[in-house]
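2 protein chains.
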Amino acid sequence: MTQHTSRLCKGYFTKKESDGPLNSLKSDEAASGPKQGPTFQDGQRRVDYVLTYHIQKPRSFRRKTSHFGDYRILRSLRRSLSMMRGRDTPPPKEDPEVAAHKHRLDYHEDDKRFRQTEFEDNLREMGLELEKDEGNKIPGIGFLKIHAPWNVLCREAEFMKLKMPTKKVCTPMLKQRINLFIRKVTAPLHPKVEPNRAQNVKHLSHPFSREKQHLFDLSDRESFFDSKTRASIVSTIDLKFDLLKMTITGITSLLGNGVYTAAYPLHDTLFYPLLSCQILYEEWASYSVFYKYQPIGLIRKYFGEKIGLYFAWLGVYTQMLIPAAIVGAIVFLYGCATVDNDIPSMEICDPRNNITMCPLCDRACSYWKLKTACGTARASHLFDNPATVFFSIFMALWAAMFMEHWKRRQMRLNYIWDLTGFEEEEGHHRAEYEIQVMQKTLKKQDMSPKVNLSLFHEVEGHLLLSPLQVGVTFAVVFGVILYRISIRAALHMSSNPTARTNIRATVKGTAAVINLVIIIIMDEVYGALARWLTLLEVPKTDKSFEERLIIKTFVLKFANAFSPIVYLAFFRGRMVGRPGDYLYVIGSYRMEECAHAGCLMELCIQLCITMLGKQLIQNNLFEIGIPKIKKLIRRRKSDMDSQQQEDYNMTLQRHEKDHFLGPFVGLSPEYMEMIIQFGMVTLFVASFPLAPLFALLNNIIEIRLDAKKFVTEVRRPIAGSAKDIGIWYNLLRGLSKVAVIVNAFVISFTSDFIPRLVYQYMYSPDGSMHGFVNHTLSYFNVSDFQPGTAPLQPMHLGYEVQICRYKDYRETPWSNTPYDLSKEFWAILACRLAFVVVFQNVVMLMSDFVDWLIPDIPKDISLQIHKEKILMVELFMKEEEGKKLLRDSHAKQSPLQPRSRPASHTPSNC
Amino acid sequence: MTQHTSRLCKGYFTKKESDGPLNSLKSDEAASGPKQGPTFQDGQRRVDYVLTYHIQKPRSFRRKTSHFGDYRILRSLRRSLSMMRGRDTPPPKEDPEVAAHKHRLDYHEDDKRFRQTEFEDNLREMGLELEKDEGNKIPGIGFLKIHAPWNVLCREAEFMKLKMPTKKVCTPMLKQRINLFIRKVTAPLHPKVEPNRAQNVKHLSHPFSREKQHLFDLSDRESFFDSKTRASIVSTIDLKFDLLKMTITGITSLLGNGVYTAAYPLHDTLFYPLLSCQILYEEWASYSVFYKYQPIGLIRKYFGEKIGLYFAWLGVYTQMLIPAAIVGAIVFLYGCATVDNDIPSMEICDPRNNITMCPLCDRACSYWKLKTACGTARASHLFDNPATVFFSIFMALWAAMFMEHWKRRQMRLNYIWDLTGFEEEEGHHRAEYEIQVMQKTLKKQDMSPKVNLSLFHEVEGHLLLSPLQVGVTFAVVFGVILYRISIRAALHMSSNPTARTNIRATVKGTAAVINLVIIIIMDEVYGALARWLTLLEVPKTDKSFEERLIIKTFVLKFANAFSPIVYLAFFRGRMVGRPGDYLYVIGSYRMEECAHAGCLMELCIQLCITMLGKQLIQNNLFEIGIPKIKKLIRRRKSDMDSQQQEDYNMTLQRHEKDHFLGPFVGLSPEYMEMIIQFGMVTLFVASFPLAPLFALLNNIIEIRLDAKKFVTEVRRPIAGSAKDIGIWYNLLRGLSKVAVIVNAFVISFTSDFIPRLVYQYMYSPDGSMHGFVNHTLSYFNVSDFQPGTAPLQPMHLGYEVQICRYKDYRETPWSNTPYDLSKEFWAILACRLAFVVVFQNVVMLMSDFVDWLIPDIPKDISLQIHKEKILMVELFMKEEEGKKLLRDSHAKQSPLQPRSRPASHTPSNC
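If you want it as structure tokens, here you go:
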């Protein structure tokens, strides 16, 4: 078993991306076998970071250049595909805009070589050790392997104030007593990751300092800084050039200019360290462990805090979805169970109730019997019953609870990962920004216009954004509405009776599918649009670039996903007019009406199709299907059979293998997908209580899918430190606030909840719901039809119709003010609005109360932090004493190594 | 001038609190004159901190013990007075509850002495130097003067990671170009505080570390740590015992147990340092500079960040009030200007409109003419016009702007004060908590029940809080209502015609005054109640104690101040019933009705009286008047004349003078007062646009009043570090959110804004407001009066009344459903509610938008921080290089003092 999976882990390249054109390169297989791990040629110094570049004028590889060109095409194809499938935030170094930019800034080959040499000299000056590996396996690609020696690591760690574990250990008392039992019960749910060591002992950590070396356990210098830390130290050094010289010599700009093609740390191999890659593969990136918790500690250790936090967040979200899904399912079942007791739908279905309804369209449609709407009415009850009101309050509180729970989890992780006190960097300046500034400085030699200009850009971007987006969204929605209206009229007009009976279902179904397709297409368009708009703004730092891009993408994608739903929920069937005075758009198209029992049913279908469809198509097709197809195509093209391919892969070294993997494109697409889903779950939950269940099922797959991708399909990302999930938290918060308002409106305006209540308590003669249907229908005298709008077949029902009914609260034709809005209308409207006001404020208050009631920092964590602080005080006090003693006795010991006190190394009870 | 004020500053004790019983002590005046500043007897070591204690068995002072007793009574009197005047949060060391507790825990004198000795030994062990000064001037009081020598200061500064200025200087470019002109124009507004040095040069700061001593300018060891820093270092050492030993030996517990009576740092004297006390006195704590900015930097330098932030906040708030006050005044003037064009009040006042109104009370009152309400109607227009709607939107956005502005100001101060990266401490554990834990640990030796118990306490506190508060508040409001109803009926009953005409004015005025008095009394009661409830909870740390106390006090005081206003705004005149079917409370009291033109007018009077009254009474009477009176009484009691008193004061040393000052009771009362005021300004601004103006006038005085108090009337507080104003920010935020909702309701329900709009657009025959008054009045047939409620004098108006009118939207007596709520009622209600929904969400969205639009960190500051980071990187890189060079050349220089490079000390352009 271990043998098998370790082979997988090590050799996943075999499984995934075996490029065809390289089959002829099977030379020096033995010379540098994959066994020895990623080191320099001397087998000693570890490769901490790799830069790749095109080898200029590869004269001796003339035959292979065509292959190389082939490869380039493949790469650009892959890049555009990755753009297509929603990966809209590749890091600045890889994106096509920068590439386009690049052409303008492109240096001659000589200049490139000069800049390479300059950069490498800089690196050497900083103390890094370099080794070049120029394409004996992969033609045209040179590798610059970077090794950071011990003293460079120490220096940088001190400068970065990296918190490193000290020798002082203690056993944290994190709710141990209570948890012991729970832990036993849930044991099968926990991943098998060194269970005996992880929880019981914790090394106190302290910012690394060479002057305080004695605090740290430096016995094993090789493993004191793990591979993730080493890589991020090296990448910091690269970036420092940007910071120091304020010119475009840092790695980011060199990548942007094409001097280097890629920069990445290496994936761990089998033998080092502690098989963490293997454990991740077995206990995390596998569908068979879907029911288990994720090994978050290990993920963080391997990928850094940023990715660790993403998966932790995803885990918390999925976990929190379980109760929501259960309650949602119960609410739905309640609807199913009570459908036979629902008096209004019973009344509609009752054959004795012989109500004649007014025609649904002009001329073509005729009068119809209310009881034909029986099926829809019964189906509506499934989603429109008092339980949904309860459920939407529940979900609003659930969202608040989720946010709180996540805050606490984040604090806990911050404590466990020793991030307390860590300060987020603003990020280095973007090359584009620097170039712009330089251009401007050259032009004007003044600072203030720059600030104004960037402000102008920003405002421009925002201004551009809104009308454009509104316009496009509106056009799409309107198109779908037109489609629906016209197809319905056409179907009504046709004389085929089976087509007629299926009219509603057909229209609903096709419209929803069309919507879905448009949504998915527009999603990609909007992603590119957001990117373009952000580039126009020229944000200063990487961080602000990312934030702006996220906000724009979010606004556009959100509007895209939700505009049809919002239309269905709040606008459809509202501005219809009344028989004899319908509202017409563009000539003779009447505004759409809903089926008798409200639009809730259609809203529900739309939500269901959008959610399922988006998830199925985006996840399965884009994330699984397309890579599979690509692989198949490539295999066909390749001359090697599977065995040959595998053999070839065995000859490649770690850094060469990683070169063939896809670049890491950031976490934004993953977060974005989840946030849109969160919106689906919370925003219209009043109309679709099964949403949490669908989301839960999707996420269980999503976690493992993402895990697989990170472990086996992309290059190892540079570990980013982060205390929180940043802007995503704000977006989530915003969504859960908007959700309250949206749900209030859905309940009061889309559902029949309020009219029913009002009828029961204000108008019902016996306090029951009997007579409700009749109460909601107004009378229309057919002689009041406007000329040319009366039905062509007035005798369709078999008798002459004098008075028909329509769903509205209006005065009778025989009142003083016929067809005016009636008192009932205003009373119900007032009640609806009162419900909105009360619901919104009460639920918001409750959410704030939940927010306030649950402390942000878990009690045991704050206790623990307090205790660790005391331990550190003690440690330093003892050290001071020691120093004093030393000074007093004039001992000859080195001042950097005061005598070690055994007391401080035994585990304390902290 | 300088001579005069410096004498004031040094000798303010003269001006304020000269205690009588000490007049007989004029000995050794010359021996230790006040000139030499606060040092030990050797005249060298500075006094950084003072502890006072009662001298046990003062045998030789038998005659003076009576005085001493006298003094004790005076002190306790003063203490209870300070309790009375709203100073409800004395620090734990001084409060009466702890004192009560103390009696139980009181140690024998011997025990006290033992603990004193133990504590002093601890201090000496920590390296502090002590000197005792046992009562040669002040009988019964011993002083323990503490001096922190250089190496202790260094050690603690390193441990506290105090950011100290390095030698590296740079000139920040904080919007200099733009500001240069503004600065010139506003020059007279800036306080005269070393204007040439402060802004131009900034020392980069770095956490102090003895290993990096070479970074800092240590040439003047005396002034490297200023007096504020020294004091806070010493107080940290005191506290560390708590932290280290987990027992009650820290200074907090010793103060709680009465082992020591007080602990305070000393005020600066004339000669040291740089006359900052004098500048503060002249340029800050004086009414004559009311128009100037505050010297925030100096305040922070002298009092620490916490107090600095309070005054900075108060300054920003006052500044922001200026535009609000101006707009408010304009809105009010608009009301005044348009009062003659207001059609509804013209109609009411028009003598041709001969409308007979139904009686306002049963039996005693009779029918009345609408035109008698002319005056009220015209007055109402002043506050109830479309401009107020605009103003309340303006104020909601103003509140959002204010919060943002403050956040930015805070960030700027954080940068200037080098607080970026500073981590807030959780605060040390409270003695009471430790005792409780110890007791519990002794009982059960288990941890988990403690957690549960404290949770239980917390819940209990909250549960207790709500019904109690609701009950009391309700009783008070109800009492005032009853008073109003009964006095009105009584006045109506009386036959005195002048009394009758003045009925309304009299009732309104007296009721508002009664309310005010009750509010002020209950304020003190609630303050004590909140304190008691918080003590019941036994919070763990000082910080959580303070937060809980603040929240409780806030809730209680807020409810107290606003419940009558809320009653007036939303409940008065709502549930009145209608003629013939009035709603009665307790037998025959009819619910109150408002005057014809709405309750807005009365609300306005109430607000005006509450605001002005609270401010006048609490500020002037409590904060100025009572101390003056106390002083007067004391002077009378004292045998000395003014000259003698001054002479005596001249003999006292700094620490003795400070002993007579009042203890520093924390900032909570100051903040609380301002927050309640902020509530008044924002919450009901729709009904009282002059509120910001009143607040502005009050605050201009308040700033200087508080300044005087801090500089001359209380002991110097221990400088507390803080990055922000903590919980107060959250309360402000909460208030500005509630304000949106409250204003929405005031505009839509209390004012006539919506009915007017609805009339104009839905019912008016010609689209004007003509006929509005008639539209709002329903008809009542006098034959429908319930038996015994018809007026006793039906012919009061001189003719027989058949139909009278009342203000409501009901069906006519001759309709099918007489006196039912009419369609107009429901339509207007729907519009009112729609307005609430729209207003609330639009304004909230706009606030959030403002919040999002304005970056939290000012652009120049973030640029500056970035540049300073680069400078620090450069500095360290150079240092590394230097080290390397040193190592390479094997130079004999000390490793702690690498050769200084002049480049790093010249000011860079940062």
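Residue numbers (this note's numbering), protein chains in the order written: chain A, 14 to 923; chain B, 14 to 923.
A virtual CB, placed ideally from N, CA and C, is assigned to each residue, including glycine.
Note that this is a predicted model, so its numbers are computed, not measured.
On the premise that residue j lies in contact with residue i, defined as a C-beta separation below 8 Å, what is that separation, rounded to the nearest angstrom?
i: A:R823; j: A:R585; result: That pair is no contact at about 19 Å.
i: B:H809; j: B:Y380; result: 6 Å
i: B:I406; j: B:L383; result: In fact, because the Cβ distance is near 32 Å, the residues do not count as touching under 8 Å.
i: B:L322; j: B:A735; result: 6 Å
i: A:K241; j: A:G317; result: 6 Å
Taking buried to mean at least 16 other C-beta atoms within 10 Å of its own C-beta, is residue i buried or exposed?
i: B:T695; result: buried
i: A:F284; result: Its pLDDT being 46, under 50, A:F284 is placed unreliably in this model, and the coordinates cannot settle the point.
i: B:N427; result: buried
i: B:S828; result: exposed
i: B:R20; result: Bear in mind that a pLDDT of 38 at B:R20, under 50, signals an unreliable position, so the number given afterwards is only what the model happens to contain. Per the 10 Å Cβ criterion, exposed.
i: A:F575; result: buried
i: B:W163; result: exposed
i: A:K896; result: exposed
i: B:W430; result: buried
i: A:V302; result: buried
i: A:K48; result: Confidence at A:K48 is low in this model, with a pLDDT of 38, below 50, so the placement of that residue is unreliable and no value is reported for it.
i: A:I416; result: First, the residue type needs correcting, since residue 416 of chain A is Met and not Ile in the sequence shown. It counts as buried.
i: B:A525; result: buried
i: A:P619; result: Note on residue identity: the sequence assigns Gln, not Pro, to residue 619 of chain A. When all chains shown are included, A:Q619 counts as buried.
i: A:G153; result: buried
With DSSP as the reference, identify every bridge partner of residue i, one or two as the case may be.
i: A:N794; result: A:I816
i: B:S218; result: B:P178
i: A:F848; result: DSSP, once it has assigned bridges, lists no residue as partnering A:F848.
i: B:K382; result: B:T369
i: B:V13; result: Only positions 14 to 923 of chain B appear in this structure, which leaves residue 13 of chain B out of reach.
i: B:I154; result: B:H67
i: A:Y347; result: DSSP output for A:Y347 lists no bridge partner at all.
If you follow the alpha helix (DSSP H) that residue i is in, where does it begin and where does it stop?
i: B:F316; result: I309 to F316
i: B:T65; result: No alpha helix (DSSP H) contains B:T65, which is instead part of the beta strand (DSSP E) from Y62 to H67.
i: A:L710; result: A704 to K721
Taking the beta strand (DSSP E) that residue i falls in, what are its first and last residues?
i: B:V678; result: Looking at the DSSP string, B:V678 is not in any beta strand (DSSP E), and its letter there is neither H nor E.
i: A:E147; result: E142 to E147
i: A:K736; result: Note, A:K736: premise wrong, no beta strand (DSSP E); not H, not E.
i: B:A276; result: A275 to Y277
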